[in-house]
DNA sequence: TAGGGCCTGGACAACGTTGTCAACGCAGGG
DNA sequence: CCCTGCGTTGACAACGTTGTCCAGGCCCTA
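Chains as they are written, first to last, in full-length UniProt numbering: chain U, 1 to 342; chain A, 1 to 342.
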């Protein structure tokens, strides 16, 4: 009677290992490893026997063990803000494609715009020993990543710069885009223009506001504090901000929205008004063409792709000084931004 | 002079291990493990010394080794079709939230609607020994997952059923939704209704077409083959299909779109027409409210959440027979579906 | 004061894989 | 015929962690 070797309870289900395959094929453990990894130096006949055993047992290599041994996980981590945001879907997908081209898997997590959660996630990924990390910062202090980066985890920041550390960054030209958008409104005759943006903690929000101010200044237009509103992108908040700047004795005649979520709410809000208000939004959104919404488009996929390519170049040994890459934006006139002041 | 121990080249960067921490703190290896894992049975004083050493060395536990030892990876895999599709973003996010609540990370990959790539991805995730797998099928034969499932990798299929194996599935009611949508058009007087759907390989496409036919039959309306078009969701293809069914001696007076991408193209196409054509689309899309598009809405987040919850119940030991869960859809009238026949 | 139990800490093996190295068999040449 | 060299194969250690088990010290009680 065959002796039943007792397996530890924690064994993965009851998966065969290379040892089991080796036993069945009547070869050594290392030979199985060679076959599995397609290494040279195995007789066709031996290889066939091993393959049969693999097939028969349903063996699949345990990558955890492989990773432990080799020191590379062939995976990269992506910490973003919210995967459900249509801006980040294409970005994430682009990163995934680049990773795939390099044979790596993508682990991603959402920070929900919470700095603590960002840190928790990023460090969890480091504990997994991802080879590299792409981070869309929620927080403003990333010194917690310094030991990890020193220890060899390549890190690239996207969409917003890293805080208080020196690292690769890939950004859209928020300042320039906003400036161009607001200048466009000014060119169409507007003098009183509102700005609704994201929370001031967020770099892009600040940059876009800066672009707005620059455009106004370029045209020698004064900015009334009542026209500017930074804060959460909650519809409720945005509606209130709009209501405020569109009422009163001297309402704005045009509105510039600081990101896609603000745009969605703003467009809904403006649709209900009788007096037309000109509008330009940062970020293109689906069907904006049909609605005739003028936007400053940024290329989310290009951001992701560029960041991922930089990351893999680092993993391939590139050892430059950290660089800041800025991608351009495009003004797409579709009607809403070309409405003259009432 | 201190002897420099030579480290293997493959060591993660040059990360300290528990052994290093133990040496520095002057305690045993296992004691460090206890502290790191918050296990009981360590004197406050010892714990402090260990914590200091961890801090000083910048130690972070190597989860690869942990995983190898424990047999659980605390990660789940999600194979979807395209993360850049706005339908899958929220779904993925919902899965992530559930995973997070269970302390697990999410690895996801896009199949790009390619069965081979789906398989490649799913098996790569199995090799990583994810604890569980959520799959949005691209292919129609999932027997390749049988050994994995037997070996203990819990698997749940979402959005589309598994092919040729028995497994948990979470679906939207494609048949019922399409039937209701088409019945809605019929109720508004339409007799000639077109259907444009996804490729017939895809289960939801077939189900929705079935719903369309059922509604027509319910109303005792014959269906002309020229009104029905299944195929890729490429804008070009959709445009041609629409042009075909909207021309000729007996054009359709209403169109039902089988998914969100078809809807986007169809809406663009219809917007350019002078004679109004009634329209209902499967899947809600952003700003559809402003465009007045009547849709059959399904809840992507609920799909993801339900599937993930089922998965984790399995991981917690649930051992039922595989179940099929069907989530309802909602008809949202917004105007385009209530246009009478021309 | 002796004995027993509890608490803390450490030695050791094991998880499944890969790198290193040496052994073996066989063919060809001196 | 023996030696050399090459190509194939396997034994063994190591990767960094956790589970098991035991030793030693302490306190409490009889």
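Just so you know, even glycine gets a beta-carbon here, dropped at the ideal spot from N, CA and C. Quantities reported herein were computed from a predicted structural model and do not represent experimental measurements.
Could you work out which residue in the options is closest to residue i when comparing CA atoms only?
i                      : options                    : result
residue 260 of chain A : A/170, A/312, A/299        : A/299
residue 231 of chain A : A/206, A/212, A/220        : A/206
residue 94 of chain A  : A/323, A/342, A/301        : A/301
residue 256 of chain A : A/209, A/16, A/121         : A/209
residue 98 of chain A  : A/77, A/16, A/56, A/219    : A/77
residue 281 of chain A : A/104, A/316, A/265, A/61  : A/265
residue 87 of chain U  : U/283, U/332, U/324, U/318 : U/283
residue 228 of chain U : U/217, U/197, U/248, U/313 : U/197
residue 61 of chain A  : A/18, A/162, A/68          : A/18
residue 313 of chain U : U/133, U/148, U/224        : U/133
residue 296 of chain U : U/330, U/247, U/138, U/275 : U/330
residue 170 of chain A : A/182, A/322, A/58         : A/322
residue 272 of chain U : A/140, A/290, A/216        : A/290
residue 202 of chain A : A/304, A/162, A/90, A/243  : A/162
residue 178 of chain U : U/211, U/225, U/149, U/187 : U/211
residue 85 of chain U  : U/118, U/35, U/286, U/307  : U/286
residue 28 of chain A  : A/46, A/14, A/15, A/38     : A/46
Consult DSSP for residue i and reduce its assignment to one of helix, strand or coil.
i                      : result
residue 59 of chain U  : coil
residue 264 of chain U : helix
residue 186 of chain U : helix
residue 107 of chain U : strand
residue 300 of chain U : helix
residue 92 of chain A  : helix
residue 168 of chain A : strand
residue 254 of chain U : strand
residue 345 of chain U : The structure shown does not extend to residue 345 of chain U, since chain U is modelled only from 1 to 342, so the question has no answer here.
residue 279 of chain A : strand
residue 229 of chain A : strand
residue 195 of chain A : strand
Can you tell me the Cβ-Cβ gap for residue i and residue j, rounded? I've got them flagged as a contact below 8 angstroms.
i                      : j                      : result
residue 125 of chain A : residue 107 of chain A : 6 angstroms
residue 267 of chain A : residue 233 of chain A : Contact doesn't hold; Cβ gap of about 13 angstroms is too wide.
residue 341 of chain A : residue 253 of chain A : 4 angstroms
residue 311 of chain U : residue 156 of chain U : 5 angstroms
residue 173 of chain U : residue 326 of chain U : 5 angstroms
residue 104 of chain U : residue 75 of chain U  : 6 angstroms
residue 57 of chain A  : residue 21 of chain A  : 6 angstroms
residue 138 of chain A : residue 81 of chain A  : 6 angstroms
residue 49 of chain A  : residue 71 of chain A  : At roughly 31 angstroms, the Cβ-Cβ gap does not stay under 8 angstroms, so residue 49 of chain A and residue 71 of chain A are not in contact.
residue 63 of chain U  : residue 129 of chain A : 7 angstroms
residue 258 of chain U : residue 195 of chain U : 7 angstroms
Apply the 10 Å Cβ neighbour rule to residue i and answer buried if 16 or more other Cβ atoms are within range, or exposed otherwise.
i                      : result
residue 269 of chain A : buried
residue 66 of chain A  : buried
residue 320 of chain A : exposed
residue 240 of chain A : exposed
residue 55 of chain U  : exposed
residue 164 of chain A : exposed
residue 324 of chain U : exposed
residue 378 of chain A : The question about residue 378 of chain A has no answer here: the residues shown for chain A are numbered 1 through 342.
residue 118 of chain U : buried
residue 4 of chain U   : Reliability of the predicted coordinates at residue 4 of chain U is poor, the pLDDT of 31 falling under 50, and the value obtained from them is presented with this limitation in mind. The residue in question, residue 4 of chain U, is exposed, as its Cβ has fewer than 16 Cβ neighbours within 10 Å.
With 8 angstroms set as the bound, which would you pick, yes or no: does the beta-carbon of residue i sit closer than that to a beta-carbon of chain U?
i                      : result
residue 163 of chain A : no
residue 107 of chain A : yes
residue 166 of chain A : no
residue 333 of chain A : no
residue 287 of chain A : yes
residue 110 of chain A : yes
residue 96 of chain A  : yes
residue 265 of chain A : no
residue 322 of chain A : no
residue 37 of chain A  : no
residue 86 of chain A  : yes
Is residue i close to chain A? Criterion is C-beta to C-beta, closer than 8 angstroms.
i                      : result
residue 339 of chain U : no
residue 136 of chain U : no
residue 160 of chain U : no
residue 83 of chain U  : yes
residue 89 of chain U  : yes
residue 58 of chain U  : yes
residue 196 of chain U : no
residue 61 of chain U  : yes
residue 14 of chain U  : yes
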